[in-house]
Amino acid sequence: MNQTINESGGTGPSHRKVEIGVAAFMALLALIGVYGSVKVGMGWGNDGPRAGFFPFYVSLFVLVSCAINVASALAVPDKGKLFAEWGQLRQVVSVLVPTAFYVALVPYIGIYAASAAMIAFFMRWFGGYGWIVVAAVSVAVPVVTFMMFEIWFLVPLPKGPLENFLGY
Amino acid sequence: MLEDIGNLFHGFAVVAQPFNLVLMVVGIVLGVIVGVLPGLGGANGVAILLPLTFSMSPTSAIIMLSCIYWGALFGGAITSILFNIPGEPWSVATTFDGYPMAQKGKAGEALTAAFTSSFVGALFAVIIITLVAPLVASFALRFGPPEIFSVYFLAFCSFVGLSKEPPFKTVASMMLGFGLGAVGLDQMTGQLRLTFGTEPLLNGFDFLIAVIGLFGIGEILLTMEEGLSFRGKAAALNMKVVLHTWKELPRYWMLYLRSCVIGCWMGISPAGATPASFMSYGIAKRISKRGHLFGTGEIEGVVAPETAAHAAGTSALLPTIALGVPGSPTAAVLLGGLLIWGLQPGPLLFTEQKDFVWGLIASMYMGNIVGLIIVLTCVPLFASILRIPFSVIAPVIMVFCAIGAYTVHNNTFDVVMMLVFGVAGYFMKKCNYPLAPMVLAIVLGDKAEEGFRQSLLASQGSLSVFFSTGLVSTIMALGLIALFWPLIQGGWSRLRQRAGLKPAQ
Chain A
394 MNQTINESGG
404 TGPSHRKVEI
414 GVAAFMALLA
424 LIGVYGSVKV
434 GMGWGNDGPR
444 AGFFPFYVSL
454 FVLVSCAINV
464 ASALAVPDKG
474 KLFAEWGQLR
484 QVVSVLVPTA
494 FYVALVPYIG
504 IYAASAAMIA
514 FFMRWFGGYG
524 WIVVAAVSVA
534 VPVVTFMMFE
544 IWFLVPLPKG
554 PLENFLGY
Chain B
312 MLEDIGNLFH
322 GFAVVAQPFN
332 LVLMVVGIVL
342 GVIVGVLPGL
352 GGANGVAILL
362 PLTFSMSPTS
372 AIIMLSCIYW
382 GALFGGAITS
392 ILFNIPGEPW
402 SVATTFDGYP
412 MAQKGKAGEA
422 LTAAFTSSFV
432 GALFAVIIIT
442 LVAPLVASFA
452 LRFGPPEIFS
462 VYFLAFCSFV
472 GLSKEPPFKT
482 VASMMLGFGL
492 GAVGLDQMTG
502 QLRLTFGTEP
512 LLNGFDFLIA
522 VIGLFGIGEI
532 LLTMEEGLSF
542 RGKAAALNMK
552 VVLHTWKELP
562 RYWMLYLRSC
572 VIGCWMGISP
582 AGATPASFMS
592 YGIAKRISKR
602 GHLFGTGEIE
612 GVVAPETAAH
622 AAGTSALLPT
632 IALGVPGSPT
642 AAVLLGGLLI
652 WGLQPGPLLF
662 TEQKDFVWGL
672 IASMYMGNIV
682 GLIIVLTCVP
692 LFASILRIPF
702 SVIAPVIMVF
712 CAIGAYTVHN
722 NTFDVVMMLV
732 FGVAGYFMKK
742 CNYPLAPMVL
752 AIVLGDKAEE
762 GFRQSLLASQ
772 GSLSVFFSTG
782 LVSTIMALGL
792 IALFWPLIQG
802 GWSRLRQRAG
812 LKPAQ
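Chain order of the listed sequences is A and B. Going by this note's numbering, the letters in the first sequence line up with residues 394 to 561, in that order. Going by this note's numbering, the letters in the second sequence line up with residues 312 to 816, in that order.
Here is the structure:
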């Protein structure tokens, strides 16, 4: 397995570490679950099982399986298998960050303006399209979406100052 | 039985209304597009398009949504054969022989075989649904809380026992789903739990958000990591090729029958379409005379997985409408749709909402026929979608995911949750955690918990209530068998080996 890494020449976080990280994160959620269940009462009340009963045992199941998953990840000899190469992860992050901005912007400027901005960003940044094509697509998609949702199917979507200005 | 047939014809009359026919065609076209695009699948495709149906009548809505589902099932085959990219997990097995066929210049034959097989598989499953679902529903009317819980138990045990992923990863993902489903208002005591005083958590986690995040955003992140370059084979389908292939296909009737049965079996138990397609492919490879040629472009290698995948995908709706237990994530989304339109899924649906149920079943027949015609005639059009560069498609898909997530509760916090689920989905997928059990657990969590607690309430906390009557014990026992199936299978083959060794010694 070591050879294959050398051939491709890439480095990155080890698969085993990420695997353990994921299990640990799940276990953390389960611990929060246990804590919350105990807080509302996980035992037997006057009127049967209390609200925390079910989530408590469910969280215990998660904890136990996480422990087993970590153990089995450790049991397999680490042959330097990569989770992904840094270059690949950079690709993922370069999609994730703009999307996070997009999601954060939606409540303030509305979904249509934010969408136009994101599509324009992607096309210009990753696709390297000319400004005219970028403008055409990034305006057309939100407009068509607007027609489809607000007008034909009568589903209101978040709107911002731009839509207010246009009178919607 | 006769009454059912009358109801079915009434259903056809409902479906044949012009408005519903238009919705059907729109649904299938959207579905194929969803199936062709990477990052959009049946489940999140239906979830994203769910808001479009809010203002429709439930029957029209389910016709459109189920047609999106059929379209997505058809669409997966196009990308597998022409681009060697499975648009859907269940069409992975189709790439094994479909793409080599396309490389040999037999793309037309492969596509025709795939679509026709899909159609046959779906038709078989719909016939099963028509015959069996009313019986199951009337039987299930007698279920009390312990029986209801035992059905959920069976469903979730089959996940653990039948999935390819390591069992404890399935358990972890499923139980986490139950935990997420439990957040918010406790249905039975009216108490808030696991919200820790935060307002956005009051309503809990909606599974539609989870579906859009896990399957939609997660998938795009995965695609981005792999770095996509589509190099497709030309898609030309003319009538001559279609007819020529059709002439050849009846020869494989036995293969069809076997794949249909495998598909229906896997679809009804919630193992789903993906394992069904692999299983069918594997068995066909072992049995066929030309098995050693599988993987080099054998038509049988396309027929087997496609038939089984479609049979499974369709029959997953049987437990959904008859019991309220969805057999696949997409079926779960359809079930979520029912709740939004104010219908209570489960056995009562058959007596209280006849129009709806039989309209749905009739639309399965019609939808698959219309779907077959549409995909056979429009393949080049759909294939050209994949030639749109990813830098354009990716943000557009993201936008639609965000819109879908927002419209579930008209809440921008849900859009944030979608992104969180997306990142979680990326990591879980990479670490081989199955996502479907998590989604189904979020959907069914409340109901399963209710059944469990009501049963315990009646029995004063003794677990023996789940083995108190013949019916409930049988279902629980089946669940346990499904849960320990890999162990049972392993033990059985070891026993056989030992028995086989003895005479030799």
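Beta carbons are placed, not taken as given, at the ideal position from N, Cα and C, and that holds for glycine. Nothing here was measured: the structure is a model prediction, and the numbers come from that model.
Rounded to the nearest angstrom, what separates tryptophan 564(B) and glycine 608(B) at their Cα positions? 19 angstroms
Leucine 730(B) at chain A interface by Cβ criterion, 9 angstroms: Output row for leucine 730(B): interface = yes.
Under 7 angstroms Cβ to Cβ from leucine 533(B), same chain only, skipping five residues before and after it: list those, please. Tyr737 and Lys740
Closest by CA to methionine 511(A), which one among Gly523(A), Tyr495(A), Val499(A) and Val427(A)? The alpha carbon of methionine 511(A) has as its nearest neighbour, out of Gly523(A), Tyr495(A), Val499(A) and Val427(A), the alpha carbon of Tyr495(A).
The segment 406-419 of chain B touching the segment 606-624 of chain B, judged by at least three CB pairs closer than 8 angstroms: yes
With respect to the alpha helix (DSSP H) encompassing phenylalanine 661(B), which residues constitute its N-terminal and C-terminal limits? From DSSP, the alpha helix (DSSP H) with phenylalanine 661(B) extends over 660-663.
Nearest candidate by alpha-carbon position, reference threonine 500(B), set Val433(A), Gly405(A) and Ala493(A): Val433(A)
Got a sec: which bits of the segment 474-493 of chain B sit with their beta carbon under 8 angstroms from any beta carbon on chain A, in order along the chain? Pro477, Phe479, Lys480, Val482, Ala483, Met486, Leu487, Phe489, Gly490 and Ala493
For serine 366(B), which residues does DSSP report across the bridge? For serine 366(B), which the question treats as bridged, DSSP gives no partner whatsoever.
Which residues in chain A sit within 7 angstroms of cysteine 742(B), going by Cβ to Cβ distance? The contacting residues are Val411, Glu412 and Val415.
Which residues bound the alpha helix (DSSP H) around aspartate 517(B)? No alpha helix (DSSP H) holds aspartate 517(B); DSSP gives it neither H nor E.
Would you identify the three-state DSSP class for glycine 574(B), choosing helix, strand or coil? helix
Proximity winner among Val437(B), Ala716(B), Arg504(B) and Pro561(B), relative to tyrosine 428(A) (alpha-carbon distances): The residue with the shortest Cα to Cα distance from tyrosine 428(A) is Arg504(B).
Would you mind sorting alanine 567(B) into buried or exposed? The rule is 16 or more other CB atoms within 10 Å of its CB. As written in the sequence, residue 567(B) is tyrosine, which differs from the alanine given in the question. Residue environment: tyrosine 567(B) is assigned as buried (16 or more neighbouring CB atoms within 10 Å of its CB, all protein chains considered).
Can the beta-carbon of glycine 317(B) be found closer than 9 angstroms to that of isoleucine 374(B)? no
Between the segment 506-525 of chain B and the segment 441-448 of chain A, do at least 3 Cβ pairs fall closer than 8 angstroms? No, the segment 506-525 of chain B is not in contact with the segment 441-448 of chain A.
Taking only three categories from DSSP, how would you classify leucine 348(B)? In the structure shown, leucine 348(B) falls within a coil segment according to DSSP collapsed to helix, strand and coil.
Measuring only the C-alpha atoms, how far is isoleucine 398(A) from lysine 480(B)? Interpretation of isoleucine 398(A) is limited by its pLDDT of 44, a score under 50 that renders its predicted location unreliable; no figure is taken from the coordinates.
Taking a contact to mean a Cβ-Cβ separation below 9 angstroms, would you say leucine 680(B) touches leucine 629(B) in this structure? The displayed chain sequence assigns isoleucine, not leucine, to residue 680(B). Not a contact, by the Cβ cut-off of 9 angstroms.
How many Å lie between alanine 468(A) and lysine 665(B) at the Cα? 55 angstroms
Per DSSP, cross-strand counterpart(s) of lysine 552(A): Gly503(A)
Do the CB positions of valine 726(B) and valine 534(A) come within less than 9 angstroms of each other? no
Using a C-beta to C-beta distance shorter than 9 angstroms, which residues of chain B count as neighbours of threonine 538(A)? Val710, Phe711 and Ile714
Please confirm whether asparagine 462(A) has its beta-carbon closer than 9 angstroms to some beta-carbon of chain B. yes
Residue burial classification, proline 745(B) (beta-carbon count within 10 angstroms, cutoff 16): buried
According to the Cβ coordinates, are glycine 574(B) and alanine 595(B) closer than 9 angstroms? Result no, Cβ atoms of glycine 574(B) and alanine 595(B) do not sit closer than 9 angstroms.
Between the C-alpha atoms of alanine 633(B) and glycine 322(B), what's the straight-line distance to the nearest angstrom? 17 angstroms
Does serine 407(A) get closer than 9 angstroms to chain B when you measure Cβ to Cβ? no
For leucine 475(A), list the residues DSSP reports as bridge partners. Ser407(A)
Relative to the alpha-carbon of alanine 627(B), which residue among Leu554(B), Leu751(B), Met486(B) and Ile704(B) has its alpha-carbon at the smallest distance? Residue Leu751(B) is the option with its Cα nearest to alanine 627(B).
Between phenylalanine 515(A) and chain B, is the shortest Cβ-Cβ distance under 9 angstroms, so that the two count as touching? yes
Taking only three categories from DSSP, how would you classify tryptophan 796(B)? helix
Going by beta-carbon coordinates alone, are leucine 379(B) and valine 345(B) separated by less than 9 angstroms? Before going further, note that residue 379(B) is isoleucine rather than leucine in the sequence given. In terms of Cβ geometry, isoleucine 379(B) and valine 345(B) form a close pair [threshold 9 angstroms].
Taking 9 angstroms as the CB-CB limit, is aspartate 440(A) close to chain B? Output row for aspartate 440(A): interface = yes.
Does DSSP classify serine 391(B) as helix, strand or coil? helix
Rounded to the nearest angstrom, how far is the Cβ of phenylalanine 667(B) from that of threonine 370(B), given a contact under 8 angstroms? About 5 angstroms; that satisfies the 8 angstroms criterion.
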